[in-house]
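So for the sequence shown, full-length UniProt numbering puts the first residue at 1; every next one is plus one.
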Amino acid sequence: MNDKEQLAHRFEEHRGHLRAVAYRMLGSLAEAEDAVQETWLKLSRTDAGGIQSLGAWLTTVVGRVCLDMLRSRTVRREDPLDDTYVPDPVIRPLTRTDPEQEVMEADSVGLALLVVLETLEPAERLAFVLHDMFAVPFDDIAQIVERSPAATRQLASRARRRVQGATPSPEPDLGRQRQVVEAFLAASRAGDFEALLAVLHPDIVLRADSGALVGGAAASKLVRGAQAVARQALLFRQFAPYSRLALVNGEVGLFNASEGQLLSVMGVTVADGRIVAMHILADPERLTGLELPDAVA
Numbered sequence: 001m002n003d004k005e006q007l008a009h010r011f012e013e014h015r016g017h018l019r020a021v022a023y024r025m026l027g028s029l030a031e032a033e034d035a036v037q038e039t040w041l042k043l044s045r046t047d048a049g050g051i052q053s054l055g056a057w058l059t060t061v062v063g064r065v066c067l068d069m070l071r072s073r074t075v076r077r078e079d080p081l082d083d084t085y086v087p088d089p090v091i092r093p094l095t096r097t098d099p100e101q102e103v104m105e106a107d108s109v110g111l112a113l114l115v116v117l118e119t120l121e122p123a124e125r126l127a128f129v130l131h132d133m134f135a136v137p138f139d140d141i142a143q144i145v146e147r148s149p150a151a152t153r154q155l156a157s158r159a160r161r162r163v164q165g166a167t168p169s170p171e172p173d174l175g176r177q178r179q180v181v182e183a184f185l186a187a188s189r190a191g192d193f194e195a196l197l198a199v200l201h202p203d204i205v206l207r208a209d210s211g212a213l214v215g216g217a218a219a220s221k222l223v224r225g226a227q228a229v230a231r232q233a234l235l236f237r238q239f240a241p242y243s244r245l246a247l248v249n250g251e252v253g254l255f256n257a258s259e260g261q262l263l264s265v266m267g268v269t270v271a272d273g274r275i276v277a278m279h280i281l282a283d284p285e286r287l288t289g290l291e292l293p294d295a296v297a
C-alpha cells in the first residue's frame, strides 16, 4: 500500500463522522456528501505528515467547507426558506441487528432539531454543531469563523437558546414512541377524530414540504394545533393503509412507498406520550434522491 492509498484508508475511517457533521450543518444528504468529498480533496493536496490529529483536522476542514456552502447558499437564494421546509430525512429499518448502525442511530439528530438549525446564521450553526454535538473546542472553532474564542462561545450560546426554546425533549424510549405512532396510525385508518386528538399534543406543529402531494392534494403547508392536524389526518386517511413504520432520523416515523419508490416520509416527535411535531417530505424530486433500505422496502 503506497502513501496515497494509506491516506485514503485513514480518511475512510473518518468518513462516517464527517458525514454526520456535514449533515447536521447542511440538512441535505447530497450536499453533505459533496462536503465530505471536498474535504478529501483538500486532504489529498496537503502534506499529511504534518497533521498531528487527523480526526481533528478533518473535522475542522469539513466544518469550514460547510460554512462556506451555507454562506454561498444564503447568497444564492432570492427568498429565505419558508416555514414548511423539511430537511432531508434519513430512513432506517425499525428492527435492525447491525451494531454499527445502532451506534449511528443513537447519535442521530431529529428532524425537529434540523428545522431549528435552518433558522440559525451560518456561524451560529457551526459553533453549535461543532461544540455542542461534537465537542470541538471553541479555540478551534474560532479559527474557522475568524472570531475570538469568547465571541465564538457567544455564537454557540445564542444558537443554544434558540434550540432549547424551540425543540421539545423527545421521548427517549423507542418502544413508547412506537406505541404512540401506531395509535396515531390506527386512528387515522379508522377515521376516529377523538382518538387522533388523544395522541396529538394540543400545540402540535405539522410541516408538509411537497411539490405536489399524492393525488394532487394541497401543496406545502404549516398546520398548528391538534384539531387542525387531526382534520388533516382525516383528509389523507385513504393513504393510511399504505403507511409503514420506520426509523426516521432515529425516531419512530412513517413512510409511504409504491414499487420501491418513496411517495412520502413523515418524521414524528413524541414527548410526554403525545405527538408534538410532524415533518412530512412529499416533494417527488427530493424523494428520488433518498434511499429506501431493503429491510423496509
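Idealized CB from N, CA, C, for every residue including glycine.
Start-to-end residues for the beta strand (DSSP E) that takes in residue i
{"i": "Ser-157", "result": "Note, Ser-157: premise wrong, no beta strand (DSSP E); alpha helix (DSSP H) at 149-166."}
{"i": "Val-270", "result": "261-271"}
{"i": "Leu-254", "result": "251-258"}
{"i": "Ala-246", "result": "243-248"}
Nearest residue (CA-CA) to residue i, options the options
{"i": "Arg-162", "options": "Ala-187, Ala-112, Pro-170", "result": "Ala-112"}
{"i": "Ser-264", "options": "Ala-208, Ala-233, Arg-237", "result": "Ala-208"}
{"i": "Lys-4", "options": "Glu-33, Ala-32, Thr-46, Ser-243", "result": "Thr-46"}
{"i": "Leu-234", "options": "Ala-186, Leu-120, Gln-261, Leu-70", "result": "Ala-186"}
{"i": "Asp-83", "options": "Ile-280, Thr-59, His-201, His-14", "result": "Ile-280"}
{"i": "Glu-259", "options": "Leu-247, Val-248, Tyr-242, Gly-253", "result": "Tyr-242"}
{"i": "Ala-282", "options": "Gln-232, Asn-256, Ser-210, Glu-291", "result": "Ser-210"}
{"i": "Arg-178", "options": "Glu-251, Val-205, Asp-272", "result": "Glu-251"}
{"i": "Gly-108", "options": "Ala-22, Arg-73, Arg-244", "result": "Here residue 108 turns out to be Ser, not Gly, going by the sequence shown. Here the closest residue by C-alpha is Ala-22."}
{"i": "Val-36", "options": "Arg-73, Leu-58, Leu-70", "result": "Leu-58"}
{"i": "Gln-164", "options": "Val-61, Gln-261, Val-116, Ala-48", "result": "Val-116"}
{"i": "Thr-119", "options": "Met-133, Gln-143, Thr-74", "result": "Thr-74"}
{"i": "Ala-20", "options": "Leu-262, Met-133, Ile-204", "result": "Met-133"}
{"i": "Ala-135", "options": "Thr-60, Gln-6, Ser-148", "result": "Thr-60"}
{"i": "Glu-171", "options": "Gln-6, Ala-271, Gln-143, Gln-261", "result": "Ala-271"}
{"i": "Ser-44", "options": "Ser-53, Gln-6, Pro-284, Gln-52", "result": "Gln-6"}
Delimiting residues of the alpha helix (DSSP H) encompassing residue i
{"i": "Gly-175", "result": "174-190"}
{"i": "His-17", "result": "3-26"}
{"i": "Gln-227", "result": "226-235"}
{"i": "Ala-32", "result": "29-44"}
{"i": "Phe-193", "result": "193-199"}
{"i": "Val-115", "result": "111-117"}
{"i": "Ile-275", "result": "Looking at the DSSP string, Ile-275 is not in any alpha helix (DSSP H); the run it does join, the beta strand (DSSP E), is 274-281."}
{"i": "Ala-127", "result": "122-128"}
{"i": "Phe-239", "result": "Per DSSP, Phe-239 belongs to no alpha helix (DSSP H) and is neither H nor E."}
{"i": "Pro-284", "result": "284-287"}
{"i": "Gln-52", "result": "That residue, Gln-52, is in no alpha helix (DSSP H); it is neither H nor E in DSSP."}
{"i": "residue 299", "result": "Because the chain in this structure spans residues 1 to 297, residue 299 falls outside the shown range and cannot be described."}
Distance between beta carbons of residue j and residue i, contact taken as under 8 Å
{"i": "Gly-267", "j": "Arg-237", "result": "That pair is no contact at about 20 Å."}
{"i": "Arg-286", "j": "Val-199", "result": "About 28 Å separates the two Cβ atoms, so there is no contact after all."}
{"i": "Pro-93", "j": "Gly-27", "result": "The pair is not a contact, with the Cβ atoms about 23 Å apart (cut-off 8 Å)."}
{"i": "Phe-128", "j": "Ala-159", "result": "4 Å"}
{"i": "Leu-206", "j": "Val-223", "result": "4 Å"}
{"i": "Ala-230", "j": "Phe-193", "result": "6 Å"}
{"i": "Leu-70", "j": "Arg-153", "result": "About 20 Å separates the two Cβ atoms, so there is no contact after all."}
{"i": "Val-65", "j": "Thr-95", "result": "The Cβ separation is near 36 Å, so there is no contact."}
{"i": "Leu-292", "j": "Ile-91", "result": "7 Å"}
Buried versus exposed call for residue i [16 or more other C-beta atoms within 10 Å across all chains shown]
{"i": "Glu-100", "result": "The predicted position of Glu-100 is uncertain, since its pLDDT is 47 and thus under 50; a value taken from the coordinates is nonetheless stated next. Glu-100 is exposed by the Cβ-count criterion."}
{"i": "Met-278", "result": "buried"}
{"i": "Glu-146", "result": "exposed"}
{"i": "Pro-89", "result": "buried"}
{"i": "Pro-122", "result": "buried"}
{"i": "Gly-55", "result": "exposed"}
{"i": "Gly-50", "result": "exposed"}
{"i": "Asn-2", "result": "exposed"}
{"i": "Ser-220", "result": "buried"}
{"i": "Ala-32", "result": "buried"}
{"i": "Ala-257", "result": "buried"}
CA-to-CA distance, residue j to residue i, given in whole angstroms
{"i": "Arg-24", "j": "Asp-34", "result": "14 Å"}
{"i": "Ala-228", "j": "Gly-63", "result": "40 Å"}
{"i": "Ile-141", "j": "Ala-8", "result": "25 Å"}
{"i": "Ala-156", "j": "Gly-175", "result": "33 Å"}
{"i": "Thr-269", "j": "Arg-10", "result": "37 Å"}
{"i": "Gly-225", "j": "Ala-195", "result": "15 Å"}
{"i": "Ser-169", "j": "Val-276", "result": "10 Å"}
{"i": "Leu-67", "j": "Leu-290", "result": "24 Å"}
{"i": "Val-248", "j": "Leu-254", "result": "7 Å"}
{"i": "Glu-13", "j": "Leu-41", "result": "16 Å"}
{"i": "Phe-138", "j": "Leu-130", "result": "9 Å"}
{"i": "Ala-240", "j": "Ser-188", "result": "6 Å"}
{"i": "Leu-245", "j": "Ala-183", "result": "12 Å"}
{"i": "Leu-18", "j": "His-201", "result": "36 Å"}
{"i": "Asp-203", "j": "Ala-48", "result": "52 Å"}
Closer than 8 Å: residue i CB and nearest the ligand ADP heavy atom
{"i": "Leu-18", "result": "What this structure holds is no ligand at all, so the ligand ADP is not there to describe."}
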